[in-house]
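Below: the structure, in structure tokens.
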Amino acid sequence: MNLAGNRTVAVSSSILLFVTMLAVVGPWISPHEYLTTDFSHILLAPAATNMQFFGTDDLGRDLFVRTMLGIRVTLLIAVVASLVSLVIGVAYGAIAGYVGGRVDAVMMRFVDTLYALPFIFLVILLMVAFESNFFLIFVAIGAINWLDMARIVRGQTLSLREREFVEAARLIGVSTPRIILRHIAPNMLGIVVVYLTLTIPQAILVESFLSFLGLGIQEPQTSLGALVDAGVNQMEGASWMLLIPATLLALILMCFNFLGDGLRDFFDARQK
Amino acid sequence: MSLLEVSGLSIRYAGEAVVEDVSFSVDEGESVGIVGESGSGKSQTALALLGLLPKQADISGSVKLGGEEIIGATEQALNKLRGRRVGIVFQDTLQALNPYMPIGKQVRQVLLQHELAAGDAADRRVMEMFTRVGLPDPERQFRAYPHQLSGGMRQRVMLASALIAEPDLLIADEPTTALDVTVQAQILELLEDIRDNTALLLITHDLGIVAGRCERMLVFEKGRLVDAGPTTSLFASPGHAHTRALLDVAPRIDRGTFPAPIKTSTILSVEAAEVVYEAGGSAQLRAVIDVDLSLRKGETLAVVGESGSGKSSLVRAILGLIPMHSGRVVYAGEALDGPVETRSIAQKRDFQLVYQDPVAALNPQMRVQSIVGEPLSVHEPSLSSQERIARVITTLQKVGLDDNYLRRYPHQLSGGQAQRVAIARALILEPSVLVCDEAVAALDGSVRAQVLALLRTEQNKTGLSIIFISHDLAVVRSISHRVLVMYMGRLVEFADCEKIFAAPRHPYTRALLDAVPVPDPVVSVIVAPLKGEVGSLLSPPSGCVFHPRCGYAKEICSERAPESRDVGGSRVACHRADDIELTPQHS
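Going line by line, the protein sequences match chains B and E.
Sequential numbering from 1 applies to the first sequence in our numbering.
Sequential numbering from 1001 applies to the second sequence in our numbering.
What follows is the structure, encoded as structure tokens:
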């Protein structure tokens, strides 16, 4: 079985690809600007006329362009969160697991300590201490995302380092960094990739949650979470303001989850 | 009419035949052996007889047990047969027993399921059966869990469970493959003693077992039944070329010339080696105790013993994979100590290891060319990649693989090919000592013969010294110059191969030799030479650790541990080494 032959993977990755392309190209082809207010056109329902496919909000801004912008931010957060989790989490977990002993104990207690910090409190503190900005959201989400990955990778490493092919490499004289890079890491690829695709929706949700609380992306910038927040306030008069970003958010989350499931099936099958 | 009649049985998976047009029959009370290499379809056939094949299997033909058709029978009908009319014993007892249920209850289930007994009567019958299969203290064992028993004891439980309903047919699929030779002999003897009138279908890769235990034999090759007949006549004049080929490669402990002893200088010497494991709390498990050995240039030194004898621990400590508690290892005039990571690059280069399971020893994510080339990239980083590949190809050719294998992954190799790749990786640096840890144990007869020949050729060409860890004495006899016998972490006997096999000095050595099945029905059937099993390393017996199982033990043996000393050119640790005469059955 190959990856392209897996229908769940094929369908969900095509949808994600399409949404990404739309988010990149959409604002560029639309005649509207994301921060131009137009009080003669507030709360317009979606229509093809004047290319306002998703209607306008209570300030008369074009929602299509704003939604595409929101998707950009949301996906960017997904990418950054997964990169942080991949780079820091995998390196940290692999080192702790392979070196073992005291180093492992100290490294993992540090992870436990970070886990114990109340996340929302941490974010509020950050927001108060510094001016709320884009970068802080990434820091906050990245800071929690690599913890799970580090634990998973450490567990895998612990079992892999007992395997005979790792021992054979030790006997040959392969250096420790090279053993981790060439013998341990590639054999964790399956589980890391799967876990990554499951981390992404988690990061997106956290961002949406923060934005929904008003702690995340600040106006006039926007994200899907912030759009949903704005939509909730206009739910009765302009339901599209809520429905469109909420549906897109759900669609993206679902696709990432299905992608993760599909990848897991694929790697499981190859293990056998 | 025969008890079991199989006619035209074929099994296919997704169109690919694993068993093709197999027909045979088993009469009441008869013992029939099925032999064949891995993938010959023998186990698939056995599963078909019980209706245990997975749903994806496409089965055709007919299997009749006492006139009743099994192929296509309902699950209900099959459940009435299984356990009641057909008993089965598998190789892996830990898989076959429920880890969360006391063994007594598991065996009793057979009686309850088929309504043969209930309540106290059932318990009594289970305990009777436990006594018959030789489980010590049946009442206590009734409540024991599978993990609390040794492999041999678990196989006895399996036998009890398979035979308690007095079935017409017992199917035993490699029942002793996972056991030590001395325990194997006990189980085979027990199987013969207690089966009464139950017919036996014994599936094995070991011709020695069939020769001693089965009246008729069936030979499988690539899913087909190629040869069948009475065991004695098939061994005397095989009807099919494959039977002859199997016989030719089966190692024999009673035949063949011994490799001449080698009188070169010693390159590796080990003195008073000790390996100790922490066993929870303050308990210590002494896996290797005061073992001396020496290895000469160009020599093959076999290390033999049952599981738990410390043979693997000893060589792993020498290699620096586990810590050596105390003792002194000298290699080429220099001390060899500390973990392998801290040793000099030259020392790393000179010692290589080949494992039992080649697939586990190869990184599944690397191609053959990277696996075999890795030692070069570590030790000779100045080589260009073309030069490296050229060396890889030469080494692969040496082990009998061509450059078509370069880009393959380990899962695309057969067991024999994977072991060749592992050997190529070990040989590419031209080490001076190669350690083979049960390196041929998992291979089929024909492949094993090729791998052994390959090691011998390499040794003759380059003067390679080999430490050959093995539980299979028949193989050891054919390739080693000297043999070190270990028991419970101690040196038992260390001598030239010929001395060990023709004139053993230690009762344990002799027992090991006598337990090896000989693939020849003319040689008398082996009786189990040893009672009981290897003792616990956490609380070893007093005095000589072997004395509880030894037929020659005197008072002194339980009081004082024997020192190893030289007796007639052999190094032996036995109080009675000079006053007893030991002649092995097949010398």
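Ideal Cβ positions, reconstructed from N, Cα and C, are used throughout, including at glycine.
In the three-state reduction of the DSSP assignment, residue 1497 of chain E falls in the helix class. Note on residue 1449 of chain E: 16 or more other CB atoms within 10 angstroms of its CB, so buried under the neighbour-count rule. Between residue 206 of chain B and residue 141 of chain B, the CB-CB gap stays under 7 Å.
Contacts with chain B (Cβ-Cβ distance below 8 Å) from the stretch 1327-1355 of chain E involve 1340, 1341, 1345, 1348, 1349, 1351, 1352, 1353 and 1355, listed in chain order. With a contact defined as Cβ atoms closer than 8 Å, residue 1493 of chain E and residue 1570 of chain E qualify at about 6 Å.
Take residue 1135 of chain E, set aside five residues on each side of it, and the residues of its chain with a beta-carbon closer than 6 Å to its own are 1141 and 1156, in chain order. Note on residue 1577 of chain E: 16 or more other CB atoms within 10 angstroms of its CB, so buried under the neighbour-count rule. It is roughly 13 Å from the alpha-carbon of residue 1328 of chain E to the alpha-carbon of residue 1288 of chain E. Annotation for residue 1100 of chain E: no beta strand (DSSP E) segment contains it, and DSSP assigns it neither H nor E. Look at the stretch 1316-1404 of chain E and you find these whole runs of alpha helix (DSSP H), each 4 residues long or longer: 1345-1350, 1358-1361, 1368-1379 and 1385-1398.
In the structure shown, the three-state DSSP call for residue 1284 of chain E is strand.
For a cut-off of 8 Å, the C-beta gap from residue 1509 of chain E to residue 1527 of chain E is around 17 Å, too long to register as a contact. With a threshold of 7 Å between beta carbons, residue 173 of chain B makes contact with chain E. Contact between residue 1295 of chain E and residue 1253 of chain E fails: their C-beta atoms lie close to 24 Å from each other, not under 8 Å. Residue state for residue 199 of chain B is assigned as helix, using DSSP reduced to three classes.
At a beta-carbon threshold of 9 Å, the residues of chain B lying near residue 1321 of chain E are 167, 170 and 171, ordered along the chain. DSSP places residue 1487 of chain E in no alpha helix (DSSP H) but in the uninterrupted beta strand (DSSP E) bounded by 1482-1487.
Assignment of beta strand (DSSP E) within the stretch 1160-1201 of chain E, counting only whole runs of 3 or more residues, yields 1169-1173 in chain order. Around the CB of residue 229 of chain B, 16 or more other CB atoms lie within 10 Å, so the residue is classed as buried. Annotated three-state conformation of residue 64 of chain B is helix, per DSSP.
Going by DSSP, residue 1554 of chain E is part of no beta strand (DSSP E) at all; its letter is neither H nor E. At least one C-beta of chain E is nearer than 7 Å to the C-beta of residue 183 of chain B. Proximity to residue 1033 of chain E across E:1159, E:1172, E:1013 and E:1010 peaks at E:1172, based on C-alpha coordinates.
Here residue 1281 of chain E is exposed. Its C-beta has fewer than 16 other C-beta atoms within 10 Å. Assignment of residue 1266 of chain E by DSSP, reduced to helix, strand and coil, places it in the strand class. The Cβ of residue 164 of chain B sits closer than 7 Å to at least one Cβ of chain E.
Taking a beta-carbon distance threshold of 7 Å, residue 1378 of chain E counts as an interface residue toward chain B. No Cβ-Cβ contact shorter than 7 Å links residue 1167 of chain E with residue 1110 of chain E. According to the DSSP secondary-structure assignment, residue 1302 of chain E is paired through a beta bridge with E:1468 and E:1483. Non-local beta-carbon contacts of residue 1417 of chain E in its own chain, meaning distances under 8 Å to residues more than five positions away in sequence, involve 1401 and 1405 in chain order. Under the three-state reduction of DSSP, residue 1082 of chain E is assigned to strand.
The beta-carbon of residue 186 of chain B is placed less than 7 Å from the nearest beta-carbon of chain E.
Per the C-alpha coordinates, the member of E:1566, E:1517 and E:1563 positioned closest to residue 1584 of chain E is E:1517.
Counting every other CB atom within 10 Å of its CB across the protein chains shown gives residue 1149 of chain E a total of 16 or more, marking it as buried.
Shown here, residue 171 of chain B sits in a helix according to DSSP, grouped into three states. At least one beta carbon of chain B lies nearer than 7 Å to the beta carbon of residue 1363 of chain E.
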